[in-house]
Amino acid sequence: MDTSNEFVAPTEQTVQADVFSGITVALALVPEAVAFAFVANVSPVVGLYGAFIMCLLTSVLGGRPGMISGATGAMAVVMVALVSEGNAMGAEGAMLGTQYLFITLLLVGILQALAGVFKLGKLIRLVPRPVMMGFVNGLAIVRLLL
């Protein structure tokens, strides 16, 4: 029987462990959020706000034990072109790229939520291992070039 989703009454020991875990993850997430903001060519404050909101939503809507929610390098690399193109199209100081970024991330979040509701995660088994390795290696090369 899977008991990972059952409610466990907090004890002093579990609360202390949860607080220390939260502090550890927060300390690791702050530099990562700032770094990915620089990669995506947006203000570091945008990265920090995004990390805070993502962690808040994950804690409220639920997560998995041991799961750490944070920005990924794959998204940061893809967003560089989107933000740059949006900023080039807008008027000086309009920050159109940041607006594009917000709308895109909102849509991605909705799509991921729908994929979770419809249990589409099991379809990843259909992707061959060489394709997955190619994606990871391609991402590594793109991150090296930035």
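The sequence shown lines up with residues 33 to 178 when you count with the working numbering. For every residue, glycine included, the Cβ atom is placed at its ideal position computed from N, Cα and C.
C-alpha gap between residue i and residue j, whole angstroms
| i | j | result |
| --- | --- | --- |
| K154 | V92 | 24 Å |
| T104 | T43 | 33 Å |
| F68 | S75 | 10 Å |
| M33 | V40 | With a pLDDT of 45 at M33, under the threshold of 50, the predicted position of this residue should be treated as unreliable, and no value is reported. |
| Q144 | F150 | 10 Å |
| Y132 | L138 | 10 Å |
Exposure label - residue i; buried when at least 16 CB within 10 Å
| i | result |
| --- | --- |
| L61 | buried |
| G170 | exposed |
Minimum C-alpha distance to residue i - residue among the options
| i | options | result |
| --- | --- | --- |
| G148 | D50, G94, N73, V78 | G94 |
| P97 | A108, L171, G54 | G54 |
Integer-rounded CB distance, given that residue j should sit under 8 Å from residue i
| i | j | result |
| --- | --- | --- |
| A72 | V115 | 6 Å |
| N119 | M127 | 7 Å |
Three-state secondary structure assigned by DSSP to residue i
| i | result |
| --- | --- |
| N169 | helix |
| M33 | Annotation note: pLDDT 45 at M33 (below 50); position unreliable, coordinate value reported separately. In the structure shown, M33 sits in coil (DSSP, three-state: anything other than H, G, I, E or B). |
| T136 | helix |
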